[in-house]
Every structure is written in structure tokens, then in C-alpha cells.
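Undergrad:
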Amino acid sequence: MSEFLDDIFNKISSGKSIFKNREVLNIDYIPKRILFREDQIKKIGETLSPIIKGAKPSNLLLYGKTGTGKTMVARYVINKLNDYIKDQNTIFVYLNCRIDGTLYRVLSEIGEYIGLKIPFTGLSLSEVEKRIFNHLVDKGIKLVLVLDEIDFLVNNPAKRDIGNDVLYDFTRYDSIYNKSGSNSFITIVGISNDLKFMEYLEGRVQSSLRSEEILFPPYTVEEIKEILKDRVKEAFVENSVNDEIINLIAAYSGSEHGDARRAVDLLRVSGELAEREGRDKIYEKDVQEALKNIEKDKVQEAISSLPIHEKAVIFSIATFPNGETTGHVYLKYQEICNQLGLQPLTQRRISAIINELDMLGLVTAPIINRGRHGRSKKVQLTVDKNQIVGTLKNDEIFKLLFNSI
DNA sequence: CTTCCACAGGAATAGGGGGTCC
DNA sequence: GGACCCCCTATTCCTGTGGAAG
Numbered sequence: 000m001s002e003f004l005d006d007i008f009n010k011i012s013s014g015k016s017i018f019k020n021r022e023v024l025n026i027d028y029i030p031k032r033i034l035f036r037e038d039q040i041k042k043i044g045e046t047l048s049p050i051i052k053g054a055k056p057s058n059l060l061l062y063g064k065t066g067t068g069k070t071m072v073a074r075y076v077i078n079k080l081n082d083y084i085k086d087q088n089t090i091f092v093y094l095n096c097r098i099d100g101t102l103y104r105v106l107s108e109i110g111e112y113i114g115l116k117i118p119f120t121g122l123s124l125s126e127v128e129k130r131i132f133n134h135l136v137d138k139g140i141k142l143v144l145v146l147d148e149i150d151f152l153v154n155n156p157a158k159r160d161i162g163n164d165v166l167y168d169f170t171r172y173d174s175i176y177n178k179s180g181s182n183s184f185i186t187i188v189g190i191s192n193d194l195k196f197m198e199y200l201e202g203r204v205q206s207s208l209r210s211e212e213i214l215f216p217p218y219t220v221e222e223i224k225e226i227l228k229d230r231v232k233e234a235f236v237e238n239s240v241n242d243e244i245i246n247l248i249a250a251y252s253g254s255e256h257g258d259a260r261r262a263v264d265l266l267r268v269s270g271e272l273a274e275r276e277g278r279d280k281i282y283e284k285d286v287q288e289a290l291k292n293i294e295k296d297k298v299q300e301a302i303s304s305l306p307i308h309e310k311a312v313i314f315s316i317a318t319f320p321n322g323e324t325t326g327h328v329y330l331k332y333q334e335i336c337n338q339l340g341l342q343p344l345t346q347r348r349i350s351a352i353i354n355e356l357d358m359l360g361l362v363t364a365p366i367i368n369r370g371r372h373g374r375s376k377k378v379q380l381t382v383d384k385n386q387i388v389g390t391l392k393n394d395e396i397f398k399l400l401f402n403s404i
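Take 0 as the starting number for the first sequence in numbering that gives the first Met the number 0 and just add one per residue.
(1) Hey, could you find the ends of the beta strand (DSSP E) N95 is sitting in?
(2) I need the boundaries of the beta strand (DSSP E) containing G407, first residue and last residue.
(3) Return helix, strand or coil for S107, following the three-state DSSP convention.
(4) Could you tell me the boundaries of the alpha helix (DSSP H) in which T170 lies?
(5) Tell me which same chain residues have a C-beta within less than 6 Å of the C-beta of K69, skipping the five on either side of it?
(6) Using a Cβ-Cβ cutoff of less than 8 Å, which residues in the same chain neighbour L208 once the five nearest sequence positions on both sides are dropped?
(7) Are the beta-carbon atoms of P30 and R347 separated by less than 9 Å?
(8) Just to confirm my understanding: we take D285, look at its own chain, exclude 5 residues before and 5 after, and list those with CB closer than 6 Å. What are they?
(9) With respect to the alpha helix (DSSP H) encompassing D229, which residues constitute its N-terminal and C-terminal limits?
(10) What residue does the alpha helix (DSSP H) around R261 start on, and which one ends it?
(11) Which residue marks the beginning of the alpha helix (DSSP H) containing T390, and which one marks its end?
(12) Do I328 and I302 have their C-beta atoms within less than 9 Å of each other?
(13) List the endpoints of the continuous alpha helix (DSSP H) containing L418.
(14) Nearest to Y124 by alpha carbon, out of I367, I226, L106 and I140?
(15) Excluding five sequence neighbours on each side, which residues of the same chain lie with their C-beta closer than 6 Å to the C-beta of R267?
(16) Here's the rule: buried if 16 or more other CB atoms are within 10 angstroms of the residue's CB, otherwise exposed. What is T219?
(17) Give the secondary structure of Y28 by DSSP, where H, G and I count as helix, E and B as strand, and everything else as coil.
(18) Starting from the Cα of A351, find the closest Cα among V312, I335, S174 and I248 and give me that residue.
(19) Please classify L41: does DSSP put it in a helix, a strand, or coil?
(20) What residue does the beta strand (DSSP E) around F397 start on, and which one ends it?
(21) Among residues of its own chain, excluding the 5 on either side of L142, which ones have a beta-carbon nearer than 6 Å to its beta-carbon?
(22) Whole angstroms are fine: how far does the CA of S174 sit from the CA of L80?
(23) Among the candidates N402, N163, D168 and V153, whose CA atom is the shortest distance from the CA of L194?
(24) Answer with buried or exposed for M71, where buried requires no fewer than 16 other C-beta atoms within 10 angstroms of its C-beta.
(25) In terms of residue numbering, what span does the beta strand (DSSP E) encompassing V240 cover?
(26) Can you look up T70 in the DSSP assignment and give me helix, strand or coil?
(27) Between the beta-carbon of D300 and the beta-carbon of L34, is there less than 9 Å?
(28) So, G66 versus A262, is the Cβ gap smaller than 9 Å?
(29) Just the Cα atoms here: how many angstroms apart are L305 and E255?
(30) Would you decide whether R374 is buried or exposed? Buried here means 16 or more other CB atoms lie within 10 Å of its CB.
(31) Span of the beta strand (DSSP E) holding R130?
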């Protein structure tokens, strides 16, 4: 047992690492020079530049799919801009609306950034908003608010109205709320990878929010290669990653829609695999292995963090290799609940859970019409069944199910 | 051309858990 | 302590619907 560990640790400590600077491969690393995004950087810079003189820049929207560099570019420009700003009361706030989760948390986070203590629950949204605005007016703060994945504030039908209301208030702050002559303002930089995002926005919010729009196209495979080369130079010891490996990674990750984040991630994991074996070079098999690992980790993480009923549902789905209708999945689910001693939820709820699993990318659930046989969803696993079973075997409650078979 | 299946998915509601404010 | 707030899960009730079977 302990020789095992010694073995691993020895390899790492004695063998010289193939990494020179691992940090370069982190998701939130901002490189010193950014490739293939000059136009976007320029445009954002120009739009925001009035703030250097204390004037309000117009609002801004950044569009593009995942891994096209939106976040990185936004942060890059803001960091640079910060160097030019002497005014204590000019504040840049970056936050990710999806990670914060709810509108309330987004607001309280904003509050925190501008030096306001907002309890993490208990207040009404309008109260939080009022406090933020009052504080901004009092201190004369100039706020540039970068809202990453801003679509999360309005793409939830249940909360769409509230999301729109709050965004509207924020865009209106300068003219309505702040009439007392202080020169405080709010500029919003929205980032979205959902191109349908606009449909969720009410007209009144749209017009003020989208005064400037900047598109981030997917990277081409060639561009991804260049990006990878750039990172390799900084991150790895010389000669540990050759061009073939770079081409391979670029091909794997770029073919779909030019996702640079995925490419860099793949590079990092490949490197880690090679390092773990004490090698000084990345081989092709490392990349393949890394590809598998990334997928596996994602699935495992997604499933193990699921609530118990959702686990039961996905397990039910997993028993039908060719997809099944909601009704049959529900019957199977009830069966499983009985075996586990669980009170089954209603079908309505299961239907919603299936949709949630769909959103997580674990299943597909397109609606199908079977005429006389009604209308349903054809629910099918998109990941390997063995991964589901494997993960659930380690689950405290699901273990019972497998032991009894 | 009509029927009618097997659900989808919206709306209203409840309740429990987190809290603040006065 | 009471009024009130947000968040999330879940229930009940409901109306809507594409197309094979008749």
C-alpha cells in the first residue's frame, strides 16, 4: 500500500516536471498577449475608454459560444483599464451570474464589491437594489458591471419578469435614480453565449443594453493550434510537447465549434497524465486518455452531486438502452423507489427532472408523437451506462440496490 | 377527416428552510 | 415575536397537442 504512494511521490519529486508554469493552463488565466481577438479588444477598449476621464461608457454586449474568449478578453481589458484609473470611486465588478445562481445572490455580490454588507438572504430584492443604488449615489461611485452569462438572469421563465425588472432598473439608474447631481453611473457589460438571449429580454431593457454588440466567432482549428503553441511555450518544458500532439488536441477540440477552453483543458490533463508516469513528453495516448478522463470526470461529478430522486430517475433511464417514454421511465422509477424504501414523487415532477437531466447533458429527451399512442418524450442516456452504474455503486443509498441483486 | 392517446408543460399553491427588520 | 422576504422542491389541477389508427 505505502509503496504505492512512495512510488507515485518519488516519480513526482525526483523526476523533473514537464511543466514549467502550470498556472498558464488554468481556466481563468489571462495570457499577456491574446491571439486572434484584436478587433474585439479594440472595440471593447474604445467603448469603455470614456471612463478614464470619468464619463459614462455605453453599455456593451459580448456574444459568442463557449470557449471563444469572451470572458478572457473582458477581464483582460478591464485589468488594463484599471491601470489607467486613479479615481478611487471607479469600480469594476466582474461576476458570473450562473455561478452565483440567483438574482438575489448576484445583487448581494455586487453589494459586497462596492463595500456594502448585504445579508445573504432575508431582504426583498427591491430593498437590496435600493441599498445598492443609495450607496452608489452617496459615494458617487462609477460602476462598470461585467455580468458574465447574463442570460441566466432572464432565461428562467419563472423569474424572467423579475430579472427584466432588475436589469431595467440598472440600465435606468443614471437618469432616474441618480438625479441629485452626483456623477455616479452604472455601465453594464453583458456576456452571453446564448444567442437566443435577446428573446428573453423585454424591449425596454434591450434597447439600452445592446447599444454596442460585439461578436466572438469560434476559433478555427488553425487558430487553436496557434493558441496551444503559445501556451505550450509558457507552460511546458521545452520539447515536451511536439506539433503532432498540438495538432491532435486542436483537431479533437476544435472540430465542433472552436472551443479553445476545451483545447487548453485537454492539453493540461494530457500533461498531467504524462507527468504522473514520470515521462518528459506527452504522447498521443495521453491525449486520448485525457479525453476519456475529462468526459468521465464530468459525468461522475454531475451524477454524484444529484439529489436522490434524480439519481433514481437517471438510473431508471439507464435500464433502457434504446430510450423510453416518460411513462415507462416513471414506472421503472417507482419500482426503484420501492426497492430503496423511498416515497416516489409524482409523474409531473419526474417530467421536470427529466428536463433538468437534459439540461445537464446527461440525457436527451426530444418530444415524439406516436399518433394514437400519444405524445411523450423519448428519453435516452447520452453517456455510457456503465459510468452511471459505476458512480451509483459508490452511493450510500444506491449501494443497497446492487447488493441485493 | 375525425378521434383520441399519453403525455407536455403552465399556473397556482404549499411548506420547509434560510433569513432580516422593527 | 411577528411580519415579511427569498429559494427550492413538490403537488394538484389543468389545458394543449401531433399524428397513427379508425
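Glycine included, every Cβ here is placed at the ideal spot set by N, Cα and C.
Being a predicted model, the structure only gives us computed values, none of them experimental.
TA: On the basis of the coordinates in this document:
(1) Note, N95: beta strand (DSSP E), T89 to N95.
(2) No answer is possible for residue 407: the residues shown for the chain start at 0 and end at 404.
(3) Helix, per DSSP.
(4) Run containing T170: R159 to R171, per the alpha helix (DSSP H) assignment.
(5) Taking C-beta separations shorter than 6 Å and ignoring five residues to either side along the sequence, the partners of K69 in its chain run L61, G63, I190 and F215, following chain order.
(6) Its chain contains N58, L60, L166, T170, I187, G189 and L200 as the residues whose beta carbon lies nearer than 8 Å to that of L208, once the 5 sequence neighbours on both sides are disregarded; these appear in chain order.
(7) At the C-beta level, P30 and R347 stay beyond 9 Å of one another.
(8) Cβ neighbours of D285 beyond the five flanking positions: S269, L272 and A273.
(9) Residues V220 to A234.
(10) That run of the alpha helix (DSSP H) goes A259 to R275.
(11) Per DSSP, T390 belongs to the alpha helix (DSSP H) from K384 to K392.
(12) Note that residue 328 is Val in the sequence shown, not Ile. Taking C-beta atoms as the reference points, V328 and I302 fail to come closer than 9 Å.
(13) Outside the shown range of the chain (0 to 404) lies residue 418, about which nothing can therefore be said.
(14) The question names Tyr, but residue 124 is Leu in the sequence shown. Out of I367, I226, L106 and I140, the CA that lies nearest to the CA of L124 is found in L106.
(15) For R267, where only same-chain residues beyond five positions count, the Cβ hits under 6 Å are L24.
(16) Its Cβ having fewer than 16 others within 10 Å, T219 is exposed.
(17) Coil.
(18) The shortest C-alpha separation from A351 is found at V312.
(19) In the sequence as presented, Leu is not what sits at residue 41; that position holds Lys. Collapsing the DSSP output to three states places K41 in a helix.
(20) Counting along the chain, F397 falls outside any beta strand (DSSP E), and DSSP gives it neither H nor E.
(21) Once the five neighbours on either side are set aside, the close Cβ partners of L142 are I90 and I185.
(22) Those two C-alpha atoms are separated by around 25 Å.
(23) For L194, the nearest C-alpha among the options comes from V153.
(24) Residue environment analysis places M71 among the buried positions, since at least 16 neighbouring C-beta atoms fall within 10 angstroms of its C-beta.
(25) First-last for V240: undefined, no H or E at that position.
(26) Judged by DSSP in its simplified three-state form, T70 adopts helix.
(27) First, the residue type needs correcting, since residue 300 is Glu and not Asp in the sequence shown. No. Outside cutoff.
(28) Remark: C-beta atoms of G66 and A262 approach each other more closely than 9 Å.
(29) Spanning the two alpha carbons is a distance of roughly 28 Å.
(30) Result: exposed.
(31) R130 -> not in any beta strand (DSSP E); alpha helix (DSSP H) instead, spanning L124 to K138.
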